[in-house]
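As you go down the protein sequences, you meet chains B and E in turn. Taking our numbering, the leading residue of the first sequence gets 1, the next gets one more, and so forth. Taking our numbering, the leading residue of the second sequence gets 172, the next gets one more, and so forth.
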Amino acid sequence: MSADPVRVRQDPELLRRLLRAKDRMDASSHEEWPVRRLARVSYVSQAHFARSFKEAFGVPPHRYLLTRRIEQATALLRDTELPITDIAFRTGWNSLGTFGRTFRDITGQSPRALRARQKAAQHQLDHVPLCFLRAAQRPDLKIAVSEKRRRESAGKLTPVRSKVPRRTEVP
Amino acid sequence: MSQGVQVVGLYVHDQDEALQFYVEKLGFRVHTDVRNGDYRWLTVQHPEQPSFQLGLFAPGAPVLDAATAQAVREIVAKGAMPPLVFVVDDCRAAYARMRDRGVEFTQEPVERYGSVDAGFRDPSGNGWKMIQARREAGK
């Protein structure tokens, strides 16, 4: 394996199977996705899966799942009038507290504040298919949530509001 | 129409596999399939879109060196190629038909503001959105 962190050569057939696991998380991000289940989808061992997934997609599988859940929650906050408790349970959290905390850690604002802001900033984007817009609004989670919390409490990083891109930035 | 886009190509893992997928599972037909040594120019066409060809190209010699071809294969297999959109009259019917033929769907049909979309991948990993456009008044 190369020491270069940017370029690890991977077997395309393996990548295609890893993509299948990623697709399954995309399709059902509210479900539980332990490594055992994902590894089974990709036909690899659990140890191999966790390492290969991170090499392929740049983030560990559970962190990828978190970004998808936050993306789903963000969409429901924006597009529906569902109570925040319902949104938390629908997007895969077992507790409202964990949802609110993780949401704030990742997006820099509370679900309630994000809902208010998004509703105020509705733009016409009729020409971009909604499914792509949604992907463009996916939170960009480059570090672990725990690490983000640690850095914030140490004063090294202020919560970033721009994690959810402004809709006007989508072409 | 005499001007405009005529061919847009996809990179595929295996041209025979891609040909079978696009023709047998999606209902395209072969437009051009010619070989010159290792090189194979393969395009397919949607029956209702005679002015457009979808190219199914294998990354490799003589166009790409081995390392670049490998990189391209990895990118395709990771699903990192750009979005593709397939427009249909009835997304749910197309979904049922294609699923029965063994197409790998990544998303079941979902209705959003009057349009319905589903997602599927070709065997190589290229991701398609299948969209049934909202019917607008006067159209």
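A virtual CB, placed ideally from N, CA and C, is assigned to each residue, including glycine. Predicted model only: the values in this text are computed from it and were never measured.
Within-8 Å CB hit, Thr239(E) to chain B: no
Near Glu188(E), which residues of its chain fall below 7 Å by C-beta distance, leaving aside the five closest residues on each side in sequence? Pro294
Are the beta-carbon atoms belonging to Val8(B) and Glu81(B) less than 8 Å from one another? no
CB contact below 8 Å: Gly309(E) versus chain B: Residue confidence is low: Gly309(E) scores 45 on pLDDT, short of 50, so the model does not pin down where it sits. No coordinate-derived value is stated.
Does the beta-carbon distance from Leu235(E) to Val243(E) come in below 8 Å? yes
With distances taken from CA atoms, which of Leu76(B), Thr67(B), Gln72(B) is nearest Ala144(B)? Thr67(B)
Who are the Cβ neighbours of Val178(E) in its own chain at under 7 Å, not counting the five residues just before and after it? Thr214, Gln224, Gly226
I need the DSSP call for Arg270(E), collapsed to helix, strand or coil. helix
Quick one: measure Cβ to Cβ for Ala289(E) and Glu279(E), integer angstroms, because I've assumed they're closer than 8 Å. 6 Å
For the beta strand (DSSP E) containing His202(E), list its first residue and its last residue. 200-207
Please state whether the Cβ-Cβ distance between Pro221(E) and Arg200(E) is less than 8 Å. no
Measuring only the C-alpha atoms, how far is Ser52(B) from Pro34(B)? 15 Å
Between which two residues does the beta strand (DSSP E) carrying Thr277(E) extend? 275-283
Cross-strand partners of Leu225(E) (DSSP beta bridge): Val179(E), Val215(E)
Going along chain E, which residues have a C-beta under 7 Å from Ala56(B)? Lys249
When Cβ atoms are compared, which residues of the segment 291-303 of chain E fall closer than 9 Å to chain B? Arg292, Pro294, Ser295, Gly296, Gly298, Lys300, Ile302
Is there a C-beta anywhere in chain B that falls below 8 Å from the one on Arg211(E)? no
Alpha carbon to alpha carbon, what distance is there between Phe89(B) and Gly285(E)? 26 Å
Please report how far the alpha carbon of Lys196(E) lies from the alpha carbon of Arg270(E), in whole angstroms. 9 Å
List the residues of chain B whose Cβ lies closer than 9 Å to the Cβ of Glu245(E), in chain order. Arg9, Gln10, Asp11, Pro12, Leu15, Ala56
In chain order, what residues of the same chain lie with their CB nearer than 8 Å to the CB of Thr239(E), ignoring the 5 residues before and after it? Pro230
Compute the Euclidean distance between the alpha carbons of Glu147(B) and Asp140(B), then round it to the nearest angstrom. 14 Å
In the DSSP assignment, find the beta strand (DSSP E) that holds Met301(E) and state where it starts and stops. 298-303
Residue span of the beta strand (DSSP E) that contains Val286(E), given as start and end: Checking the sequence, you will find Ser at residue 286(E) rather than Val. Run containing Ser286(E): 286-292, per the beta strand (DSSP E) assignment.
For chain E, is any of its Cβ atoms less than 8 Å away from the one on Ala121(B)? no
Identify each residue in the segment 274-285 of chain E for which the Cβ-Cβ distance to at least one residue of chain B is less than 9 Å, and report them in chain order. Glu275, Phe276, Thr277, Gln278, Glu279, Val281, Arg283, Tyr284
N- and C-terminal bounds of the beta strand (DSSP E) containing Leu255(E): 255-258
Whose C-beta lies closer than 8 Å to the C-beta of Val183(E) among residues of the same chain, with five residues either side of it excluded? Ala189, Leu227, Phe228, Ala229, Val247, Asp293, Pro294, Ser295, Asn297
Short-range partners of chain B found in the segment 175-187 of chain E, where Cβ spacing is below 8 Å: His184
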